[in-house]
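Here the structure is laid out as structure tokens; the discussion comes afterwards.
In my numbering, the protein residues as written are 830 to 990.
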């Protein structure tokens with residue numbers, strides 16, 4: 830082989846077409862990006878955007894207990910039987926918290942309302958244990974907090990959300 834030169838090409842010259850899985854992945858990425866853009870620009874869904882600002886195909890919350898799942902989903906979507914939302918649909922006079930006299934929002938109810946001091950202290954403790962910031966986004970995404978919130982509304986105060 831002394832007179833024969835061997836040429837080695839460090840790059841592959843053959844173009845390999847995309848597989849069906851590659852194309853599906855590209856379609857998913859494109860769809861989620863487009864959906865995210867629409868979600869960011871939407872005038873509706875502001876409450877939910879506070880909790881989950883990023884679009885994913887992942888199921889956010891599921892529970893075998895239908896009552897608990899309904900309670901938490903309503904809180905996460907901002908469509909529940911609290912005074913501010915009831916006022917928006919003409920079912921409450923002023924939308925204010927009876928005790929604190931500020932808008933009775935989900936955030937107020939779960940983070941600062943005098944009526945729910947025990948629940949709020951428990952949620953703060955859970956957040957501290959997890960080294961997380963005590964805010965609505967955190968407490969409606971941590972399973973330990975979610976379970977506590979559902980238990981409080983369903984079993985402790987027996988109030989429909």
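The beta-carbon is built from N, C-alpha and C at its ideal position, and this holds for glycine as well.
Fair warning: this is a prediction, and the values are worked out from it, not measured in the lab.
Please list, in chain order, all residues of the same chain as residue 934 whose beta carbon is under 6 Å from its beta carbon, the five residues on each side excluded. 913
Counting C-beta neighbours from all protein chains within 10 Å, is the total for residue 869 16 or more, i.e. buried, or is it exposed? exposed
Can you name the start and end residues of the alpha helix (DSSP H) that residue 840 belongs to? Note, residue 840: premise wrong, no alpha helix (DSSP H); not H, not E.
Three or more C-beta pairs closer than 8 Å, one from the segment 873-892 and one from the segment 901-910: is that the case here? yes
Contact set for residue 973: own chain, Cβ-Cβ below 7 Å, skip 5 residues either direction: 955
Cα-Cα, which of 918, 919 and 938 is closest to residue 927? 938
Please classify residue 945: is it buried, with 16 or more other beta-carbons within 10 angstroms of its beta-carbon, or exposed? Flag for residue 945 reads buried.
Proximal residues to residue 981 (C-beta, below 6 Å), its chain only, five neighbours per side dropped: 948
Given this structure, state the Cα-to-Cα distance separating residue 977 from residue 970, to the nearest angstrom. 12 Å
I'd like the span of the alpha helix (DSSP H) that includes residue 894, first residue to last. Where residue 894 is concerned, there is no enclosing alpha helix (DSSP H), given that its DSSP letter is neither H nor E.
Taking all protein chains shown into account, do 16 or more other C-beta atoms lie within 10 angstroms of the C-beta of residue 897, making it buried, or fewer, making it exposed? buried
What whole-angstrom Cβ distance do residue 952 and residue 968 have, given they're in contact under 8 Å? 5 Å
Nearest residue (CA-CA) to residue 885, options 857, 843 and 893: 857
Within 10 angstroms of the Cβ of residue 900, are there 16 or more other Cβ atoms? Answer buried if so, exposed if not. buried
So the alpha helix (DSSP H) residue 803 belongs to, where does it begin and stop? Absent from the structure is residue 803, since the part of the chain shown begins at 830 and ends at 990.
Would you kindly check if the distance between the Cβ of residue 932 and the Cβ of residue 922 is under 8 Å? no
Leaving out the 5 sequence neighbours to the left and right, which residues in its chain are closer than 7 Å to residue 989 when beta-carbon positions are compared? 910
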